[in-house]
Amino acid sequence: PFISWKNGYLTFEDTPVIEALKQIERYYNLSFNFDEEVSFQGLTCTGKIILSDNLDNVMTTLALISSTTYKKEDTQIYIYKK
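Anchor point for the sequence shown: position 49 equals 125 in the numbering used here, and the numbering is continuous, going up by one each time.
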């Protein structure tokens, strides 16, 4: 992934979703917890995340592309299979 703090975005090009999530964890200072049925294996993403964007917008997009749902509790995000 390409991180441009100066320009305020993360850019991904055919990046494994799990790697993108690690970058999102670092930037938003949170932790992802995955239900055992959730697998991102083989799933990649291409796009740009505007770092000033609301985290819920980012998570809603992730849920759409991965057939998952999520629940946020403080700095923990729990991801479940739909």
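Virtual Cβ for every residue (Gly too), placed ideally from N, Cα, C.
In the structure shown, what three-state DSSP assignment does residue 137 receive?
For the purposes of this step, residue 137 is taken as residue 61 along the sequence shown, with counting starting at 1. Looking at residue 137 - three-state DSSP - the assignment turns out to be helix.
Should the stretch 82-89 be called in touch with the stretch 105-112, which here means at least 3 C-beta pairs below 8 angstroms?
As far as the Cβ criterion goes, the stretch 82-89 does not touch the stretch 105-112, which means the pair count is below three.
Under a three-way DSSP split, which group does residue 157 fall into?
As a working mapping, residue 157 is identified with position 81 in the sequence shown. Here residue 157 sits in strand by DSSP.
Let me know the secondary structure DSSP gives residue 132 once reduced to three states.
Reading the sequence shown from its first residue, position 56 is the one you call residue 132. In the structure shown, residue 132 sits in a helix (DSSP, three-state: H, G or I).
When DSSP labels each residue in this structure, what does residue 113 get in the three-state scheme?
What you label residue 113 is simply residue 37 of the sequence shown in a count that begins at 1. In this structure, residue 113 counts as coil in the three-state DSSP scheme.
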